[in-house]
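Quick notes on the structure that follows.
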Amino acid sequence: MTVDGGSGLDLSQRPSSRTRTDRAMTAVMLVCLLAVVVPLAAVVYTLLKNGAGQLSAEFFTADIPTISRIEGPGMGPAIVGTLLITAVAAAMALPLGILGAIYLNESSAGGRLGRLIRFMATVMTGVPSVVMGLFVYVTYTLRFKQNAFGGALALAFLMLPVVIRTTEEMLKLVPDNLREASAALGARRSRTVLTVVLPAALPGVVSGCLLAVARAAGETAPILFVVGAATSVNTNVFREVNTALSAQIFANAQLPFEGAQQRAWGAALTLVLLAFVITLIARVVTARFALKR
Amino acid sequence: MTDTLHDGLADDSSSTDDAPVFVTSDLSVYYGAYRAVRNVSIDIRQNEITSFIGPSGCGKTTVLRCFNRMNDLIVGARVDGSILYRGIDLYGADVSAVEVRRHIGMVFQKPNPLPKSIYDNIAFGPRINGVRKRSELDDIVERSLVRAALWDEVKDRVKASALGLSGGQQQRLCIARTIAVEPDVILMDEPCSALDPIATGRIEELMQELKSDYSIVIVTHNMQQAARVSDRTAFFTVEVNPESDRRTGVLVEFDSTKKMFSNPADERTENYVTGRFG
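Protein chains in written order, with my numbering: chain A, 1 to 293; chain B, 1001 to 1278.
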């Protein structure tokens, strides 16, 4: 095959060091991709292999056996506990975080208080979850005993900075000319935020918030010592000990009994599925509210 | 063309009251410590199109944005001197910028439809002013779109997203949105700079039609446009302080468009309009 068009013009590819570098880099990137995907696939595979057999209607609803040696299902109380604790935490952290982000991006206008809050939120993002748990243990649990609300408090403290920072980033992405358009029509700032800025940022805000919730749902450290370990369903967040999937995985996986270990695998798979469902909701909501061009 | 415009002006001023809409005296605008524009004194008259021309950075837009207090949104911006709007000091202590903007509408350089439907874009302003009834809103939307010469193109899809319109259509939508709140004055900041000549022609026609009901102030980079559409023209330029290298916008000359383009009083204006500078 010739690339000569008859005019003596030659546009054919010449072998060079660039072509070789290009091929080498492509190979490096493929290896990196595999390095990321293989461990992920391995985790999912192990979870399914060991946990899938445990999942059943009874596993989702039955109480946790009080004697760990006993084989058989039961993670109902942990599922109820995880959902309750996460929901209460989200109910506290999401409104506060979103309102905080609106203050930072729409009202504070580079003021000193705004800068301080943003700095504190950044610092708070780096606080280890076990330290948050310890803080709640000292300030809340010592006085009010172990219960689900303590866990929710700890998770809310963990979610709050993430919600503030992601929401603020999303609000920053809303172009200023939309704010100007709204203001030029005589809209007050509150109206501009509610009817123009928030709707435009909503997909990003929703997915950011749900990812923060999904992350918090799997937290173990703060739950361990502020929530306690219940073996039956407790729907009262303020009274008596409760439990969560993450805490049950931690407790059961360490035991030498086959039954307990199987329950830990089942709980692990359930937790991953839960996080997956929340992420899925985030995706659907994002697509649903995305700007239609 | 300029002749007929000028004759029209003479008729207008005899039929309407002579009190100007805006009286600007000794206006200076600062961004922080930096003075962007100094000592501008201009009168804007009713039912006229006033154009601001001048090279980039001369402060045309900055002055325009003082008329509806849009500069308030910029941190550190502040004005000196006074702007009287129908006898009221726009920057007076108890004047609300939000109220001001309900009387003085603005069309921006880049079309900026809200990410909503065409209908909701137009209804946004009336809803702020408390219009809730569906039939009333329908009326306003249709009337505004007809007025902005957009109705025939979008009447079958007013519920579709405004972002799906072409650039020229979006800019006419922004004009429709502005007149939907029935302002007294319309400020236009280079409304045609992002449009092709055909869309520009339509907007210019539209401005001539709107003139009978509104007073219009337009900033433009296009001298032909200023000559074509406006009754009066203000020429701004940039003064560079040789010591500090600070650039400050100044008003050079303000007169009828005809005079500005045929027989300007200031040499700098003549150099600019004949293309020898800027």
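We put the CB at the ideal spot given by N, CA and C, even for glycine.
CB-CB under 8 Å to T82(A), same chain, minus the five flanking residues each way: which ones, in chain order?
-> Residue mapping note: residue 82(A) aligns to position 82 of the first sequence, counting from 1. So the list reads A217, A244, L245, S246, L271 and L274, once near-sequence residues are dropped.
In terms of alpha-carbon separation, which member of A1036(B), N1271(B) and P1111(B) lies closest to S1193(B)?
-> One-based indexing of the second sequence puts residue 1193(B) at position 193. Comparing Cα-Cα distances from S1193(B) to each of A1036(B), N1271(B) and P1111(B), the minimum goes to P1111(B).
Selection of the segment 1236 to 1255 of chain B by Cβ proximity to chain A, strictly under 8 Å | none
Where does F1108(B) fall in DSSP's three states?
-> Residue 1108(B) sits at position 108 when you count from the first residue of the second sequence. Coil.
Cβ separation of P1183(B) and G1105(B), assumed to be a contact under 8 Å, to the nearest whole Å | Here residue 1183(B) is taken as the residue at index 183 of the second sequence, counted from 1. Here residue 1105(B) is taken as the residue at index 105 of the second sequence, counted from 1. Indeed, because the Cβ distance is near 4 Å, the residues count as touching under 8 Å.
For chain B, is any of its Cβ atoms less than 8 Å away from the one on L173(A)?
-> Position 173 of the first sequence, counted from the first residue, corresponds to residue 173(A). No, L173(A) lies away from the interface with chain B (no Cβ there is under 8 Å from its Cβ).
According to DSSP, residues forming a beta bridge with G1249(B) = Position 249 of the second sequence, counted from the start, is the residue given in the question as residue 1249(B). Looking at the DSSP output, G1249(B) sits in a beta bridge with V1037(B) and V1238(B).
Going along the segment 1176 to 1200 of chain B in order, which residues come within less than 8 Å of chain A, judged by CB to CB distance?
-> R1177, T1178 and V1181
8 Å Cβ cut-off: residues of chain B touching S182(A) = Start at 1 with the first residue of the first sequence, and residue 182(A) comes out as number 182. Residues of chain B passing the Cβ test: L1114 and F1124.
Kindly indicate which three-state DSSP category F238(A) falls into: helix, strand or coil?
-> In the first sequence, the residue the question calls residue 238(A) occupies position 238. Looking at F238(A) - three-state DSSP - the assignment turns out to be coil, as it is neither helix nor strand.
Measure how close the beta-carbons of I1044(B) and V1107(B) come, nearest whole angstrom, since I'm counting them as under 8 Å.
-> Taking the second sequence and counting its residues from 1, one reaches residue 1044(B) at position 44. Taking the second sequence and counting its residues from 1, one reaches residue 1107(B) at position 107. The Cβ separation is near 16 Å, so there is no contact.
Determine contact between the segment 148 to 155 of chain A and the segment 224 to 240 of chain A, defined as no fewer than three beta-carbon pairs at a distance below 8 Å.
-> Because the criterion of three Cβ pairs below 8 Å is met, the segment 148 to 155 of chain A and the segment 224 to 240 of chain A touch.
Step through the CB atoms of chain B and report whether any lies within less than 8 Å of the CB of R293(A).
-> One-based indexing of the first sequence puts residue 293(A) at position 293. Confidence at R293(A) is low in this model, with a pLDDT of 39, below 50, so the placement of that residue is unreliable and no value is reported for it.
For the alpha helix (DSSP H) containing R115(A), list its first residue and its last residue.
-> Along the first sequence, one-based indexing puts residue 115(A) at 115. Per DSSP, R115(A) is one residue of the alpha helix (DSSP H) stretching across R112 to T125.
Tell me whether I67(A) is buried or exposed, calling it buried when 16 or more other Cβ atoms sit within 10 Å of its Cβ.
-> For the purposes of this step, residue 67(A) is identified with residue 67 of the first sequence, where counting begins at 1. With fewer than 16 other Cβ atoms within 10 Å, it is exposed.
Where does the unbroken alpha helix (DSSP H) through I98(A) begin, and where does it stop?
-> Stepping through the first sequence from its first residue, residue 98(A) is reached at position 98. Its alpha helix (DSSP H) spans residues G76 to I102.
For the beta strand (DSSP E) that contains I1216(B), what are its first and last residues?
-> Locating residue 1216(B) in the second sequence gives position 216, where the first residue counts as 1. Per DSSP, I1216(B) belongs to the beta strand (DSSP E) from S1215 to V1219.
Got a sec? Which residues, its chain only, sit under 6 Å from L1206(B) by beta carbon, not counting five neighbours each side?
-> On the second sequence, position 206 is the one that residue 1206(B) refers to. Answer for L1206(B): A1149, listed in chain order.
Contact check, V197(A) vs L171(A), beta carbons under 8 Å = Translated into the one-based positions of the first sequence, residue 197(A) becomes position 197. Translated into the one-based positions of the first sequence, residue 171(A) becomes position 171. One thing to note: V197(A) has its Cβ within 8 Å of the Cβ of L171(A).
Beta carbon of T1024(B), beta carbon of I1083(B): below 8 Å?
-> Position 24 of the second sequence, counted from the first residue, corresponds to residue 1024(B). Position 83 of the second sequence, counted from the first residue, corresponds to residue 1083(B). Going by C-beta atoms, T1024(B) is nearer than 8 Å to I1083(B).
Under a CB-based cut-off of 8 Å, is T286(A) close to chain B?
-> Numbered from 1 along the first sequence, position 286 holds the residue referred to as residue 286(A). So, not an interface residue.
Where the alpha helix (DSSP H) containing A1077(B) begins and where it ends | By 1-based counting over the second sequence, the position of residue 1077(B) is 77. Looking at the DSSP string, A1077(B) is not in any alpha helix (DSSP H); the run it does join, the beta strand (DSSP E), is A1077 to Y1085.
Pairwise C-alpha distance: E1270(B) and P1264(B) | For this step, residue 1264(B) is matched to residue 264 along the second sequence. For this step, residue 1270(B) is matched to residue 270 along the second sequence. For P1264(B) and E1270(B), the gap between their C-alpha atoms comes out near 6 Å.
Would you tell me roughly how many angstroms separate the C-alpha atoms of F119(A) and E1048(B), rounded to the nearest one?
-> What you label residue 119(A) is simply residue 119 of the first sequence in a count that begins at 1. What you label residue 1048(B) is simply residue 48 of the second sequence in a count that begins at 1. Rounded to whole angstroms, F119(A) to E1048(B) spans 52 Å at the Cα level.
Would you kindly work out how many angstroms separate the C-alpha atoms of R1069(B) and I1088(B), rounded to a whole number?
-> Within the second sequence, numbered from 1, the residue matching residue 1069(B) stands at position 69. Within the second sequence, numbered from 1, the residue matching residue 1088(B) stands at position 88. Going from the Cα of R1069(B) to the Cα of I1088(B) covers about 14 Å.
How do the segment 275 to 282 of chain A and the segment 95 to 112 of chain A stand: do at least 3 beta-carbon pairs fall below 8 Å, yes or no?
-> Between the segment 275 to 282 of chain A and the segment 95 to 112 of chain A there are fewer than three inter-stretch CB-CB distances shorter than 8 Å, so the stretches are not counted as touching.
Taking only beta-carbon atoms, is M1070(B) less than 8 Å away from chain A?
-> Your numbering for residue 1070(B) matches position 70 in the second sequence. Chain A contact via Cβ: present.
For I1053(B), name the three-state secondary structure that DSSP assigns.
-> Counting from 1 along the second sequence, the entry for residue 1053(B) is found at position 53. Three-state DSSP puts I1053(B) in a strand.
Start-to-end residues for the beta strand (DSSP E) that takes in F1022(B) = As a first step, residue 1022(B) is located in the second sequence; it is residue number 22 there, counting from the start. Looking at the DSSP string, the run of the beta strand (DSSP E) that includes F1022(B) is F1022 to Y1031.
Whose C-alpha, out of E1142(B), V1029(B) and Y1034(B), is nearest the C-alpha of N1241(B)?
-> If you number the second sequence from 1, residue 1241(B) lands on position 241. Among E1142(B), V1029(B) and Y1034(B), the Cα nearest to that of N1241(B) is on Y1034(B).
Secondary structure at S16(A), three-state DSSP: helix, strand or coil?
-> Here residue 16(A) corresponds to residue number 16 of the first sequence, with the count starting at 1. Here S16(A) sits in coil by DSSP.
Please check the pair W1098(B) and R188(A), which I expect to be a contact at CB under 8 Å, by giving their CB distance rounded to whole angstroms.
-> Here the question's residue 1098(B) lines up with position 98 in the second sequence. Here the question's residue 188(A) lines up with position 188 in the first sequence. The displayed chain sequence assigns Val, not Trp, to residue 1098(B). That pair is a contact at about 5 Å.
Using three-state DSSP, classify V1185(B) as helix, strand or coil.
-> As a working note, residue 1185(B) is residue 185 in the second sequence. Looking at V1185(B) - three-state DSSP - the assignment turns out to be strand.
Member of A41(A), I98(A), R69(A) and A42(A) whose CA lies at the smallest distance from the CA of V193(A) | Taking the first residue of the first sequence as 1, we reach residue 193(A) at position 193. Selected option, being the one with the closest Cα: I98(A).
Below 6 Å CB to CB, which residues in the same chain sit around R1177(B) once its five sequence neighbours on both sides are set aside?
-> The residue labelled residue 1177(B) in the question sits at position 177 within the second sequence. Correct list, in chain order: N1121 and I1122.
Stretch pair the segment 84 to 95 of chain A + the segment 207 to 223 of chain A: three plus CB contacts closer than 8 Å | With the cut-off at 8 Å, the segment 84 to 95 of chain A and the segment 207 to 223 of chain A touch.
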